[in-house]
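Asker: I have a structure here, written as structure tokens, and I will follow up with some questions on it.
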Amino acid sequence: MGDRDDRIDRARAAMIADQLRRRGIRDERVLAVMAELPREVFVPDVPAASAYDDRAQPIDSGQTISQPYVVARMSELLAVEPGDRILEVGTGSGYQAAVIARLGATVRSIERWEALAASAREHLRAAGISDVEVVVGDGSAGAPEGAPWDGIAVTAAAPGIPDPLREQLAVGARLVIPVGPRNVQELVVVERRSATEWQESSEGPVVFVPLVGEGGWPG
Ligand code: SAH
């Protein structure tokens, strides 16, 4: 193995130990997936070991790949089971979708920018992931034609919880979504308990780029 590979492996292992375990990520399946998945493939423009830095990083179209801890936390809160059909809104680099797919789900991911969707498809192919379908469009009202979903992850910040997203959850499924003003949001989990009941919990502050569209912010 070369020095470069060594450095990347060390950075990935340090991410798992120092950023994820130390801050309380407990789901061993999420930790195992993130310990294997090459994050550098999803941010080809930064030096490979820096892909594991403890921060969000710029990608194209003025967007960001989320901080590793935030990806882990969202993945844990989604409670993905093998065979689940999961909707992601905000493909970005494709990394979060890749983590969900490696947890055993089939993923549909919606991205508003064509260029990002195209590069995310390349990143996913390069990582050997085939269970993610990336589509271009406004995902702020979800994807009713694929509903009910076994989980919905919104990886862009919404001013409120869009009603169509609650409606598209299967009973027992969860929506994980950052909600709040543009500068800082609360990570909210909405679990559908029955046809008519949803239970919400707040999981701490996060900062995401805005969800832009019908159920989000004006463009
Ligand atoms: N999950 C991504 C990070 C997402 S950044 C990753 O792992 O890299 C948020 C993304 O949401 C951006 O790419 C942005 O263009 C996209 N986005 C914003 N509003 C959207 C909408 N209404 N529908 C689909 N994608 C949207």
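Going from the sequence shown to my numbering is simple: count from 1 and add 166. Every residue, glycine too, gets a C-beta built ideally from N, C-alpha and C.
If you measure from the CB of S259, is any heavy atom of the ligand SAH nearer than 7 Å?
Answerer: For the purposes of this step, residue 259 is identified with residue 93 of the sequence shown, where counting begins at 1. Flag set: Cβ of S259 near the ligand SAH.
Asker: Return the chain-ordered ranges of every beta strand (DSSP E) run that is complete within the segment 210-298 and spans a minimum of 3 residues.
Answerer: Qualifying beta strand (DSSP E) stretches, in chain order: 251-255, 272-277.
Asker: So, helix, strand or coil for L186, using DSSP?
Answerer: What you label residue 186 is simply residue 20 of the sequence shown in a count that begins at 1. Of the three classes helix, strand and coil, the one that applies to L186 here is helix, per DSSP.
Asker: Are at least three pairs of beta-carbons, each pair with one atom in the segment 225-243 and one in the segment 177-196, less than 8 Å apart?
Answerer: Output reads yes: the segment 177-196 touches the segment 225-243.
Asker: Among V342, V356, F208, which has the Cα closest to the Cα of R287?
Answerer: One-based indexing of the sequence shown puts residue 287 at position 121. Nearest C-alpha to R287: F208.
Asker: Mapping DSSP to helix, strand and coil, what is L203?
Answerer: Numbered from 1 along the sequence shown, position 37 holds the residue referred to as residue 203. It is coil, neither helix nor strand.
Asker: Could you check whether the Cβ of I318 sits closer than 7 Å to any heavy atom belonging to the ligand SAH?
Answerer: Along the sequence shown, one-based indexing puts residue 318 at 152. Checking every heavy atom of the ligand SAH against the Cβ of I318, none is found closer than 7 Å.
Asker: Might you give, ordered along the chain, the residues of its own chain that have their beta carbon closer than 7 Å to the beta carbon of P204, omitting 5 neighbours on each side?
Answerer: Here residue 204 is taken as the residue at index 38 of the sequence shown, counted from 1. Taken in chain order, the residues that qualify are A293.
Asker: Regarding I231 and the ligand SAH, is the C-beta to nearest heavy atom distance less than 7 Å?
Answerer: Your numbering for residue 231 matches position 65 in the sequence shown. Answer for I231: yes, Cβ within range of the ligand SAH.
Asker: Jot down the residue ranges of each uninterrupted beta strand (DSSP E) in the segment 295-348, minimum 3 residues, whole runs only, in chain order.
Answerer: Segments of the beta strand (DSSP E) lying fully in the segment 295-348: 298-302, 315-320, 335-345.
Asker: Does the Cβ of R205 lie closer than 7 Å to at least one heavy atom of the ligand SAH?
Answerer: In the sequence shown, residue 205 corresponds to position 39, counting from 1. Incorrect: R205 has no Cβ contact closer than 7 Å to the ligand SAH.
Asker: Closer than 8 Å by C-beta to G346: which residues in its own chain qualify, once you throw out the five before and the five after it? Chain order, please.
Answerer: Sequence index remark: in the sequence shown, residue 346 carries index 180 (1-based). For G346, where only same-chain residues beyond five positions count, the Cβ hits under 8 Å are A323, P325, E352.
Asker: Is W315 near the ligand SAH, in the sense that its beta carbon is under 7 Å from a heavy atom of that ligand?
Answerer: Residue mapping note: residue 315 aligns to position 149 of the sequence shown, counting from 1. No; taking the cut-off as 7 Å, the Cβ of W315 has no heavy atom of the ligand SAH nearer than that.
Asker: To the nearest angstrom, report how far apart G317 and L244 are at their CA atoms.
Answerer: Within the sequence shown, numbered from 1, the residue matching residue 317 stands at position 151. Within the sequence shown, numbered from 1, the residue matching residue 244 stands at position 78. The straight-line gap from Cα to Cα measures roughly 6 Å.
Asker: Does the beta-carbon of T257 have 16 or more other beta-carbons within 10 angstroms, so that it is buried, or is it exposed?
Answerer: Along the sequence shown, one-based indexing puts residue 257 at 91. Classification for T257: buried.
Asker: Cutting at 7 Å between CB atoms, please list the residues of its own chain near V378, excluding the five before and the five after it.
Answerer: Start at 1 with the first residue of the sequence shown, and residue 378 comes out as number 212. Answer for V378: R278, G385, listed in chain order.
Asker: What is the DSSP secondary structure of L153, counted as helix, strand or coil?
Answerer: Nothing in the structure corresponds to residue 153, since the chain is present only between 167 and 385.
Asker: Going by beta carbon distance, what residues of the same chain come within less than 6 Å of V350, once the five residues before and after it are set aside?
Answerer: The residue you call residue 350 lines up with position 184 of the sequence shown. Once the five neighbours on either side are set aside, the close Cβ partners of V350 are P371, V373.
Asker: Taking 7 Å as the cut-off, is the CB of S306 close to at least one heavy atom of the ligand SAH?
Answerer: Your numbering for residue 306 matches position 140 in the sequence shown. Yes.
Asker: By how many angstroms is the C-alpha of D172 removed from the C-alpha of T321?
Answerer: The residue given as residue 321 occupies position 155 in the sequence shown. The residue given as residue 172 occupies position 6 in the sequence shown. Approximately 31 Å between the Cα atoms of the pair.
Asker: Can you tell me where the alpha helix (DSSP H) with I174 in it begins and where it stops?
Answerer: Counting from one through the sequence shown, the residue named residue 174 turns up at place 8. 169-180 is the span of the alpha helix (DSSP H), which, as asked, contains I174.
Asker: Am I right that I266 and A319 are in contact with their C-beta atoms under 8 Å? What's the rounded C-beta distance?
Answerer: Your numbering for residue 266 matches position 100 in the sequence shown. Your numbering for residue 319 matches position 153 in the sequence shown. I266 to A319, Cβ: 7 Å. Contact.
Asker: What do you reckon, is the C-beta of E277 under 7 Å from a heavy atom of the ligand SAH?
Answerer: For the purposes of this step, residue 277 is taken as the residue at position 111 of the sequence shown. True, at least one ligand heavy atom lies under 7 Å from that Cβ.
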